[in-house]
Amino acid sequence: MHMLFVISAGILLLGVFALFGKLWGGDAAGIALAARYFVPVWLLVALTNMWVGVTKAGYGVSEELPILLVVFAVPAAIAGFAAWLLLKS
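In this note's numbering, the protein residues as written are 1304 to 1392.
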């Protein structure tokens, strides 16, 4: 359940980045740029989530790595696809 919550938070954060990209850029290229900026920020958030899982929740690194992969990959893939679609048009 926690994993679904974190992925949902990532998609919501992508929406915030896209909104700011629209407000500051004013066009599809601004939104695409914001989506590309989202990816490294989301990587830091996902790594922090893994760190909390290892240090506070008591999981091992080998247990948290697959979760890190999914938690990072789903919102990052959505961001990449959105940026590709926006730049394609």
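Note that beta-carbon positions come from the ideal geometry of N, C-alpha and C, so glycine has one too. Note that the structure is a prediction, hence the values are computed from the model and not measured.
Straight-line measurement puts the Cα of residue 1364 at about 8 angstroms from the Cα of residue 1353.
At the C-beta level, residue 1333 and residue 1324 come within 9 angstroms of one another. With 16 or more other Cβ atoms inside 10 Å of its own Cβ, residue 1345 counts as buried.
In the structure shown, the three-state DSSP call for residue 1331 is helix. Minimum Cα-Cα distance from residue 1355 among the listed residues 1380, 1336, 1319, 1371 corresponds to 1371.
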